[in-house]
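Trainee: Per my numbering, the very first residue in the sequence shown carries number 9; after that it's consecutive. Virtual Cβ for every residue (Gly too), placed ideally from N, Cα, C. This one's a predicted model, so the numbers in the text were calculated from it and none came from an experiment.
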Amino acid sequence: MPQIKNIAILGSTGSIGTQTIDVIRWNSNLFRAFMLTAHSNADLLITQAIEFVPEYAIICDQSKYQQVKEALAHLPIQVLAGHQAIIDTVTHPDIAVVLTAMVGFAGLEPTISAIKAGKNIALANKETLVVAGDIITALAKQHGISILPVDSEHSAIFQCLVGEEYKAIEKLIITASGGPFRGRSLDFLANVTREDALKHPNWVMGAKITIDSASLMNKGLEVIEAKWLFDVEVDQIEVIVHPQSIIHSLVQFRDGSIKAQLGLPDMKLPIQYALTYPERIQTNFKRFSFMDYPNLTFEKPDTDTFRNLSLAYAALRQGGNMPCIINAANEVAVAGFLNRKIGFLTMSSVIEECMQQINFIASPTLADYLNTDKETRIFAQNYIEQLPSKALQF
Ligand code: NDP
Ligand code: MG
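1) Determine the closest residue to G271 out of L258, A130, T136, S265, with distance taken between C-alpha atoms.
2) Please list, in chain order, all residues with a C-beta atom less than 6 Å from at least one heavy atom of the ligand MG.
3) Just curious, the beta strand (DSSP E) that S257 is in, first and last residue?
4) Over the uninterrupted beta strand (DSSP E) stretch that includes I129, give me the two end residues.
5) Would you mind sorting R407 into buried or exposed? The rule is 16 or more other CB atoms within 10 Å of its CB.
6) In the structure shown, what three-state DSSP assignment does N479 receive?
7) Determine the DSSP secondary structure at Y285, reduced to helix, strand or coil.
8) For the ligand NDP, any of its heavy atoms closer than 7 Å to the Cβ of G186?
9) Smallest Cα separation from T201: which of G25, G351, R190, Q394?
10) Our contact map puts I255 next to A268 with C-beta atoms below 8 Å; I'd like the distance itself, whole angstroms only.
11) So what's L194 in DSSP terms, helix, strand or just coil?
12) Since N367 sits in a beta bridge, which residues does DSSP pair it with?
13) Please go through the same chain and pick out, in chain order, the residues whose beta-carbon is closer than 7 Å to the beta-carbon of I95, but skip the five residues on each side of it.
14) Hey, quick one: how far does the alpha helix (DSSP H) through L53 stretch, first residue to last?
15) When we look at the beta-carbon of F402 and count the other beta-carbons within 10 Å, is it buried (16 or more) or exposed?
16) Quick one: measure Cβ to Cβ for V31 and I279, integer angstroms, because I've assumed they're closer than 8 Å.
17) Alpha carbon to alpha carbon, what distance is there between N49 and I15?
18) State whether the region 315-325 contacts the region 230-238, with contact taken as three or more CB pairs (one from each stretch) at a distance under 8 Å.
19) Comparing the CB of T21 with every heavy atom of the ligand NDP, is any distance shorter than 7 Å?
20) Could you tell me the distance, in whole angstroms, from the CA atom of E78 to the CA atom of K72?
21) With 16 other CB atoms within 10 Å as the buried threshold, where does T108 fall?
22) Jot down the residue ranges of each uninterrupted alpha helix (DSSP H) in the region 202-230, minimum 4 residues, whole runs only, in chain order.
23) For a test of the three-state rule: what should DSSP assign to K294, helix, strand or coil?
24) Quick one: does A109 have its CB under 8 Å from some CB of chain D?
25) Near G141, which residues of its chain fall below 6 Å by C-beta distance, leaving aside the five closest residues on each side in sequence?
26) Which partner residues of E307 appear in the DSSP bridge assignment?
27) Can you give me the Cβ contacts of A336 inside the same chain, cut-off strictly under 6 Å, excluding the 5 residues immediately before and after it?
28) Kindly indicate the opening and closing residues of the beta strand (DSSP E) around T99.
29) Measure from the alpha carbon of I334 to the alpha carbon of each residue in C68, P396, V138, then state which is nearest.
30) Does the ligand NDP have even one heavy atom less than 7 Å from the beta-carbon of E339?
31) In the DSSP assignment, what residue or residues form a beta bridge with Q269?
32) Within 10 angstroms of its Cβ, does M225 collect 16 or more other Cβ (buried), or is it exposed?
33) With C-beta atoms as the reference, is L180 less than 8 Å away from F238?
34) In the structure shown, what three-state DSSP assignment does I392 receive?
35) What residue does the beta strand (DSSP E) around I66 start on, and which one ends it?
36) In this structure, how does DSSP classify I12 when only helix, strand and coil are distinguished?
Pasting the structure below:
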């Protein structure tokens, strides 16, 4: 009988979080939900906690603490509130794996805390590696922990690399669906609404990553994520558009051989693999058939129209705190678009402006990253508020 692994799910109420909950529910002989966290969705956190009776249920939003505390009073669950409670509790000695499924920069400090406590990380929160990939990978090495990718492209690459040496990698080829606006012109994009952008053709995901997918910023963040996960140079990472999302990514080796990982688009597979690695377990997930997809197609990404992908490459080439700057600028820009404060194309302008205006630091410390994030958010917010009304559409 295998030992049950205690899992801390940071962001258990989100898209990745709820799919992780499914994987745990179906494999209760292997996993236990030890810690569940939400930002403000108290109702779902309570429902999950009643079903799984974790050691800890943590709600970031302090104003929801009483509601969660009272609803779970009859159960042996410690209910806590606030961001700091997550940072402190991920270090619990009984936790085996911390699955980071919160959105954005908020994932950085809990991930650092977990690594320092020797926890393996199942990483969905790509922004953590984008912001401070150098610090995170150095800490992981120092504490001898593994960072297991949950992002489907990185899980694909990771699966292709099983049994291979990383130094034999010639190129990583990351696939992109192209999102809902693939093939569209700048004129078209100037008028798209938040509702249009939230309709992803192949994946159902949280709002922020869905907008990032529509603008190709998600692919840009994934290029940066891949650099840190697989220790390759920026020129060894290529993006190709593959609208069917069946080939999740590929590795080309120095002898010219290419390995790919395929499957129907379903995040439960990479989530589960990150939790069971190096083993594979039986599932009844729907199987892929080539006969259902006789035409798998590939295109070059259109970086003139979708500028965010070029901006992310430029930030990675520049290094230092530049990826942190684009991440913070993008988080503010996406929130601005979702709140109908700016149009779709203005998101790239916000990012570009921040890249030019925020203080560049070539070798940042963690404190520098925290400051850069704050400074960029304030600048980006002010920039949005001062835009002429033409840009403030939708
Ligand atoms: P969702 O928006 O669906 O869920 C986010 C989760 O994090 C929720 O539990 C939310 O709580 C919580 N959360 C949000 N903001 C904060 C915060 N400031 N502090 C603490 N907790 C917070 O996002 P996704 O699940 O789509 O994405 C999660 C991460 O995984 C992102 O980094 C994304 O890029 C990455 N990812 C997602 C994929 C997907 O298919 N969805 C695929 C690959 C990567 P509440 O519900 O209370 O708001
Ligand atoms: Mg992805």
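Mentor: Taking the coordinates as given:
1) Taking the first residue of the sequence shown as position 1, residue 271 is located at position 263. Taking only the C-alpha atoms, the option nearest G271 is L258.
2) Cβ atoms closer than 6 Å to the ligand MG belong to D159, S160, E161, E230.
3) The residue given as residue 257 occupies position 249 in the sequence shown. Taken as a continuous stretch (DSSP letters only), the beta strand (DSSP E) holding S257 covers 255-261.
4) Walking along the sequence shown from the start, residue 129 turns up at place 121. Taken as a continuous stretch (DSSP letters only), the beta strand (DSSP E) holding I129 covers 128-131.
5) In the structure as shown, the chain begins at 9 and stops at 402. Residue 407 is therefore absent and cannot be evaluated.
6) Lying before the first or after the last residue shown, residue 479 is absent from the chain, which here runs from 9 to 402.
7) Within the sequence shown, numbered from 1, the residue matching residue 285 stands at position 277. Coil at Y285, not helix or strand.
8) Sequence index remark: in the sequence shown, residue 186 carries index 178 (1-based). A distance criterion of 7 Å places the beta-carbon of G186 beyond contact range of the ligand NDP, judged by its closest non-hydrogen atom.
9) In the sequence shown, the residue the question calls residue 201 occupies position 193. Comparing Cα-Cα distances from T201 to each of G25, G351, R190, Q394, the minimum goes to G351.
10) Residue 255 sits at position 247 when you count from the first residue of the sequence shown. Residue 268 sits at position 260 when you count from the first residue of the sequence shown. Confirmed, about 5 Å.
11) Locating residue 194 in the sequence shown gives position 186, where the first residue counts as 1. Under the three-state reduction of DSSP, L194 is assigned to helix.
12) Here residue 367 corresponds to residue number 359 of the sequence shown, with the count starting at 1. The bridge partners DSSP lists for N367 come to none.
13) Looking up residue 95 in the sequence shown gives position 87. Around I95: E117, P118, S121.
14) What you label residue 53 is simply residue 45 of the sequence shown in a count that begins at 1. In the DSSP assignment, L53 falls within the unbroken alpha helix (DSSP H) covering 50-60.
15) Within the sequence shown, residue 402 is the residue found at index 394, counting from 1. With a pLDDT of only 49 at F402, under the threshold of 50, the placement of this residue in the model should not be trusted; the figure read from the coordinates follows. Classification for F402: buried.
16) The count along the sequence shown starts at 1 and reaches residue 31 at position 23. The count along the sequence shown starts at 1 and reaches residue 279 at position 271. Contact between V31 and I279 holds, with the beta-carbon distance rounding to 5 Å and staying under 8 Å.
17) For this step, residue 15 is matched to residue 7 along the sequence shown. For this step, residue 49 is matched to residue 41 along the sequence shown. Those two C-alpha atoms are separated by around 20 Å.
18) In short, these stretches touch, since the Cβ pair count reaches three.
19) Taking the first residue of the sequence shown as 1, we reach residue 21 at position 13. T21 Cβ: within cutoff of the ligand NDP.
20) Start at 1 with the first residue of the sequence shown, and residue 78 comes out as number 70. Start at 1 with the first residue of the sequence shown, and residue 72 comes out as number 64. Roughly 10 Å between the two C-alpha positions.
21) Here residue 108 corresponds to residue number 100 of the sequence shown, with the count starting at 1. By the neighbour-count criterion, in which 16 or more other beta carbons inside 10 Å mark a residue as buried, T108 falls on the buried side.
22) Complete alpha helix (DSSP H) runs here, min 4: 202-205, 215-223.
23) Here residue 294 is taken as the residue at index 286 of the sequence shown, counted from 1. Looking at K294 - three-state DSSP - the assignment turns out to be coil, as it is neither helix nor strand.
24) Protein chains in the displayed structure number just one, and chain D is not present.
25) Taking the sequence shown and counting its residues from 1, one reaches residue 141 at position 133. Excluding residues within five positions, the ones whose Cβ falls inside 6 Å are W236.
26) Residue 307 sits at position 299 when you count from the first residue of the sequence shown. According to the DSSP secondary-structure assignment, E307 is paired through a beta bridge with V249.
27) Within the sequence shown, the letter at position 328 stands for residue 336. Here the set comprises D381, T384, R385.
28) As a working note, residue 99 is residue 91 in the sequence shown. Where T99 is concerned, there is no enclosing beta strand (DSSP E), given that its DSSP letter is neither H nor E.
29) For this step, residue 334 is matched to residue 326 along the sequence shown. Among C68, P396, V138, the Cα nearest to that of I334 is on V138.
30) Here residue 339 corresponds to residue number 331 of the sequence shown, with the count starting at 1. Because no heavy atom of the ligand NDP lies under 7 Å away, the Cβ of E339 does not count as near it: no.
31) Position 261 of the sequence shown, counting from 1, holds the residue named residue 269. Answer by DSSP bridge pairing, in chain order: S257.
32) Locating residue 225 in the sequence shown gives position 217, where the first residue counts as 1. It is buried - the Cβ of M225 has at least 16 other Cβ atoms within 10 Å.
33) In the sequence shown, the residue the question calls residue 180 occupies position 172. In the sequence shown, the residue the question calls residue 238 occupies position 230. The criterion of a C-beta distance shorter than 8 Å is satisfied by L180 and F238.
34) Here residue 392 corresponds to residue number 384 of the sequence shown, with the count starting at 1. Three-state result, I392: helix.
35) The count along the sequence shown starts at 1 and reaches residue 66 at position 58. In the DSSP assignment, I66 falls within the unbroken beta strand (DSSP E) covering 64-67.
36) Counting from 1 along the sequence shown, the entry for residue 12 is found at position 4. Reduced to three states, the DSSP call for I12 is coil.
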